[in-house]
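Novice: Here my numbering is used: the first residue of the sequence shown is 97, the next is one more, and so on.
Quick one: this structure, given as C-alpha cells, is what I'll be asking you about.
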Amino acid sequence: MIAIGSFVLLIALALATPAPAADPAASLADQCVQCHGRDGRSTDPRIPNLAGQPSDYLVAQLWDFRKRRFVSDNPYWRAERRDPTMNHEATDLGDDAIEDLAAHFSRLSCGPAPNDDLPAPPQAAAGCAVCHGGRGIGAEPMVPNLAGQNARYLAIQMRNFGDAASVQRGAGGAKRRTHPSIASPATVVAESDVESLAAYYAALPCR
Ligand code: HEC
Ligand code: HEC
97 MIAIGSFVLL
107 IALALATPAP
117 AADPAASLAD
127 QCVQCHGRDG
137 RSTDPRIPNL
147 AGQPSDYLVA
157 QLWDFRKRRF
167 VSDNPYWRAE
177 RRDPTMNHEA
187 TDLGDDAIED
197 LAAHFSRLSC
207 GPAPNDDLPA
217 PPQAAAGCAV
227 CHGGRGIGAE
237 PMVPNLAGQN
247 ARYLAIQMRN
257 FGDAASVQRG
267 AGGAKRRTHP
277 SIASPATVVA
287 ESDVESLAAY
297 YAALPCR
C-alpha cells in the first residue's frame, strides 16, 4: 500500500513538474537562419550578425523594416529603414513575434574574439565612442554593437545613413535608412573614413 502510494505520488510530482520553457522563437527563427545563420552569425558579409545585439535595438529595427513605406515628406525625422529583403521578411511579423525573435537572437553568443591584438582605432572613431563605446559596444539598449560585425555590412550602413542625410539636404540619394542620432547631415561619416572604420570595428571582439 505504501509502495503504491509513493508510486502515485511520484507520478503526480512528474506531472506537476513543468517542462523546460520552450523558446517561443525557435521555430519562428527558421525563416531567418538561411541568411542570419542558426547561431545568429551570418556567413554572407552583406548580412549582419544578430547574435548578442541588444534586444531593444533588434525590436526597433524590425519595427522600422515593417513600416515599409518611406514617408518622404515626413515632418518628423523618424527612424525608417528600407531594404527590399527585410521589408518583405518583416511584413507579416506580429508584435509578439518581433519581441520573441529579438530576445532569441540577442541571447545567442556573438562568438570568439577574431584575434588577440586589438587594432588601433582610426582617428575618425573618436567621434563614435560617445554612443558606440570606446570598443564598439554600445552602452544604450537602442545603440547597436559594431564590434565583430561584418565589415562589408557596416560600410553599407554608413553609406545608407549618408544617403538619407543627402535626401534631407535636398541633394538626391535613395534614403534607405534614417535615424535622428546618426543620419543627420552633421553626423555623416566621410567617404574617406568608411572603409577604415568598418575594418576597425569588424576586427574588435564583440564581448
Ligand atoms: C533572404 C535573406 C534574409 C532573411 C531570410 C532574413 N534577413 Fe534579416 N537581414 C537581411 C539583410 C540583407 C539585412 C541588411 C539590410 C540592410 O542592408 O539594411 C538584414 C538585416 C536584419 C536586421 C538588422 C540588424 C542590424 O544590425 O541592424 C535584423 C534585426 C534582421 N535582419 C532580422 C531578421 C529576422 C528576425 C528574420 C526572420 C524573420 C530575418 N532577418 C530574415 C537578410 C535576411
Ligand atoms: C549620437 C550617437 C551616435 C554617434 C555619435 C554615432 N552613432 Fe552610429 N548609431 C547610433 C544609433 C542610435 C544607431 C542605430 C540607428 C537605428 O536604430 O537605425 C547607430 C547605428 C550605426 C550603424 C548601423 C549598425 C547596424 O548594426 O546596422 C553603424 C554602422 C554606425 N552606427 C556607425 C557609426 C560610426 C562609424 C560612428 C562614428 C563615425 C557613429 N556610428 C556615431 C548612434 C550613434
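Here a beta-carbon is modelled for each residue, glycine too, at the ideal position from N, C-alpha and C.
As the structure is a prediction and not an experimental result, all values here were calculated from the model.
Check whether the Cβ of Cys302 lies closer than 6 Å to any heavy atom of ligand 1, and answer yes or no.
Specialist: Along the sequence shown, one-based indexing puts residue 302 at 206. Answer for Cys302: no, Cβ out of range of ligand 1.
Novice: Please classify Thr181: does DSSP put it in a helix, a strand, or coil?
Specialist: Looking up residue 181 in the sequence shown gives position 85. In this structure, Thr181 counts as helix in the three-state DSSP scheme.
Novice: Taking the CB atoms as reference points, tell me whether Ala243 and Cys302 lie closer together than 7 Å.
Specialist: In the sequence shown, residue 243 corresponds to position 147, counting from 1. In the sequence shown, residue 302 corresponds to position 206, counting from 1. Result yes, Cβ atoms of Ala243 and Cys302 sit closer than 7 Å.
Novice: Could you tell me whether the region 192-203 touches the region 144-161, using the rule of 3 or more Cβ pairs below 8 Å?
Specialist: Counting Cβ pairs under 8 Å, three or more are found: they touch.
Novice: Tell me the start and end of each unbroken alpha helix (DSSP H) in the region 215-279 that is at least 4 residues and wholly inside, in chain order.
Specialist: 225-228 and 247-264, all fully within the region 215-279.
Novice: Given a threshold of 16 other Cβ atoms within 10 Å of its Cβ, counted over all protein chains shown, does Gly136 qualify as buried or as exposed?
Specialist: As a first step, residue 136 must be located in the sequence shown, where it is residue number 40. It counts as buried.
Novice: Is the separation between the beta-carbon of Ala220 and that of Leu293 shorter than 7 Å?
Specialist: Along the sequence shown, read from residue 1 onward, the residue named residue 220 stands at position 124. Along the sequence shown, read from residue 1 onward, the residue named residue 293 stands at position 197. Yes, these two residues count as a Cβ contact at 7 Å.
Novice: Provide the residue span of the alpha helix (DSSP H) that contains Asp152, from first to last.
Specialist: Counting from 1 along the sequence shown, the entry for residue 152 is found at position 56. That run of the alpha helix (DSSP H) goes Ser151 to Lys163.
Novice: Quick one: Cα of Ile194 to Cα of Pro240, how far?
Specialist: By 1-based counting over the sequence shown, the position of residue 194 is 98. By 1-based counting over the sequence shown, the position of residue 240 is 144. Taking the straight line from one Cα to the other gives about 17 Å.
Novice: For Leu250, I'd like the list of residues in its chain whose CB is within less than 8 Å of its CB, leaving aside the five on either flank, ordered along the chain.
Specialist: Residue 250 sits at position 154 when you count from the first residue of the sequence shown. The residues are Leu242, Leu293, Ala294, Tyr297 and Ala298.
Novice: Do Ile143 and Cys128 have their C-beta atoms closer together than 7 Å?
Specialist: Taking the sequence shown and counting its residues from 1, one reaches residue 143 at position 47. Taking the sequence shown and counting its residues from 1, one reaches residue 128 at position 32. It is not a contact, given that the beta carbons lie outside the stated cut-off.
Novice: For Val284 and Asp160, I'd like the C-alpha separation in whole angstroms.
Specialist: Within the sequence shown, the letter at position 188 stands for residue 284. Within the sequence shown, the letter at position 64 stands for residue 160. Going by the C-alpha atoms only, they are around 20 Å apart.
Novice: Compute the minimum distance between the beta carbon of Pro276 and the heavy atoms of ligand 2, and state whether it is under 6 Å.
Specialist: The residue given as residue 276 occupies position 180 in the sequence shown. Result no, Cβ not under 6 Å from ligand 2.
Novice: Going by CA-CA distance only, name the one from Glu176, Arg248 and Ala235 that's closest to Ser151.
Specialist: Residue numbering aside, residue 151 sits at position 55 when the sequence shown is read from its first letter. The shortest C-alpha separation from Ser151 is found at Ala235.
Novice: Ends of the alpha helix (DSSP H) at Leu300?
Specialist: Looking up residue 300 in the sequence shown gives position 204. Counting along the chain, Leu300 falls outside any alpha helix (DSSP H), and DSSP gives it neither H nor E.
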